[in-house]
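Residue numbers (my numbering), protein chains in the order written: chain A, 15 to 226; chain B, 15 to 226. By construction, the Cβ of each residue, glycine as well, lies at the ideal position given by its N, Cα and C atoms. Structure first, then comments.
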DNA sequence: AGGGATGGTGATAACTTGGTCACCATGGGT
DNA sequence: ACCCATGGTGACCAAGTTATCACCATCCCT
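Take a look at the structure:
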């Protein structure tokens, strides 16, 4: 979305989305007008034109229900995270994959490819995708995606008072001890799932990836 | 689908499916007629009525593009497999989940919930879902879903001549040796992926499940 | 004070689409 | 030889739908 949508336009877009999810077909202008409590289909028409201008939808001219949503489908897969860059920065996105966010709870927001074996004993292996729910709140014992300085890491979290521990699931790796009054610990999200592609083998882990 | 579709009806259905995938909206009758090289929209109309009778689609009356596909979405999750019953028998299906078959290669056909830790060192844990591609052909070294007698099991396959081995990934479990001239080994499919729901914990593995 | 984007009413013309009728051809089953 | 389901052509109307006109109100910005 190049230009930000107004509140009303976002409402129209959300209505289109839910209509599509419920009925399996895009709404017509009269249908949209009825749902939104608008008397004239022309108001809808102009809203749709605004959404086209702002790149949110496409309209097929002279075609009934010719509305196409232009959102990117699927979840972004995050590979190596450039130092200091926000997790979802374009440079970190390796692609989008058709994973249904509602398959996991809480809702999945993105995928994070793991490198290394520090969570091996939790069944998280090199190259696996962690399914991440974006949140800054995590509870003790949850597997979190954390940012410590410039590094992004996946570990089990344990907090007691001002002391925090990031605990690997592999005796070969060391627990990371943090003093919250001195060190910065940012929670990027919590791991809600794992996806492994067993036949993806060929390119065996090229490039630095987020260390688990 | 209660009644089997004719070849032509299946073709119509496939056309609707691909039109929907490409444009995001169901086709109108004239559009279908044009794609299929049919001159009269009435032929389409009668085909659609046939598809409704056979339970393949629903039609919203007096609504443009009011075609709804009635296929079950997502992949079936197979839990415990009743002795001797085919893998996909209704009694074995615990539900359907929105997993995109094309996310894995070769294409995913169903999900199989694993019980036990016999594949622990491959990062396959108790309760994980194995993503399975249905095939009777497997190559050496692949993780297969195999039926030995009445048991369904997930193991790594190794065949040499008439001898076969089903190898667990956990030293606490034993390799299963088979003589193909005496024992029956049916390959149900190969594992192409793993999905783990980290927050699904609550019901800790109730009921017998397919042993890995 | 004026201009422009946004959000809306009401009406109309033109086109798209669904529903239906009459009629025809083919193949399988009785 | 007959019936019947399937598959198709051609034509028509009613309803659904898109597109466009004139006109109005509010808010923000210069």
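Contact list for residue i against chain B, beta-carbon separation under 9 Å
i: residue 111 of chain A; result: 114 and 117
Range covered by the alpha helix (DSSP H) that runs through residue i
i: residue 39 of chain A; result: Run containing residue 39 of chain A: none; DSSP gives neither H nor E here.
i: residue 52 of chain A; result: Unbroken run through residue 52 of chain A: none, as it is neither H nor E.
Buried/exposed call for residue i, threshold 16 Cβ in 10 Å
i: residue 60 of chain A; result: exposed
i: residue 178 of chain B; result: buried
i: residue 127 of chain A; result: buried
i: residue 26 of chain A; result: buried
i: residue 220 of chain A; result: With a pLDDT of only 36 at residue 220 of chain A, under the threshold of 50, the placement of this residue in the model should not be trusted; the figure read from the coordinates follows. Looking at its Cβ environment, which holds fewer than 16 other Cβ atoms inside 10 Å, residue 220 of chain A is exposed.
i: residue 198 of chain B; result: exposed
i: residue 104 of chain B; result: exposed
i: residue 120 of chain B; result: exposed
i: residue 158 of chain B; result: buried
i: residue 189 of chain A; result: exposed
i: residue 150 of chain A; result: exposed
i: residue 186 of chain B; result: exposed
i: residue 208 of chain A; result: buried
i: residue 193 of chain B; result: exposed
i: residue 51 of chain B; result: exposed
i: residue 84 of chain A; result: exposed
i: residue 191 of chain A; result: exposed
i: residue 200 of chain B; result: exposed
i: residue 165 of chain B; result: exposed
i: residue 44 of chain A; result: exposed
i: residue 167 of chain A; result: buried
i: residue 18 of chain B; result: exposed
i: residue 203 of chain B; result: buried
i: residue 76 of chain B; result: exposed
i: residue 56 of chain A; result: exposed
i: residue 79 of chain A; result: buried
i: residue 210 of chain B; result: buried
Beta strand (DSSP E) segment containing residue i, residue limits
i: residue 193 of chain B; result: 190-193
i: residue 205 of chain B; result: 199-211
i: residue 165 of chain A; result: 165-174
i: residue 131 of chain B; result: Taken as a continuous stretch (DSSP letters only), residue 131 of chain B belongs to no beta strand (DSSP E), as it is neither H nor E.
i: residue 179 of chain B; result: 177-181
i: residue 157 of chain B; result: 157-162
i: residue 148 of chain A; result: 143-148
Chain-ordered neighbours of residue i on chain A, where CB pairs are closer than 7 Å
i: residue 58 of chain B; result: The premise fails here: residue 58 of chain B is roughly 16 Å from chain A at the closest Cβ pair, so nothing lies under 7 Å.
Residue i: contacting residues in chain A (beta-carbon distance under 9 Å)
i: residue 137 of chain B; result: 134, 136, 137, 138, 139, 142, 208 and 210
For this session: Starting from the N-terminal side, write out each stretch of the beta strand (DSSP E) that is 3 residues or longer and does not extend beyond the segment 64-129 of chain A.
Result: 71-73, 81-83, 89-92, 107-111 and 124-129
For this session: Name, going along the chain, the residues of the segment 77-93 of chain A whose beta-carbon falls closer than 9 Å to a beta-carbon of chain B.
Result: 77, 78, 79, 80, 81, 82, 83 and 88
Exercise. Got a sec: which bits of the segment 155-167 of chain A sit with their beta carbon under 9 Å from any beta carbon on chain B, in order along the chain?
Worked result: 156 and 157
Problem set entry | Where the segment 191-220 of chain B meets chain A: residues whose CB sits under 7 Å from a CB there | 205, 206, 207, 208, 209, 210, 211, 212 and 213
Problem set entry | Residues, ordered as in the chain, of the segment 32-43 of chain A that lie near chain B by beta-carbon distance below 9 Å | 34, 37, 38, 39, 40 and 42
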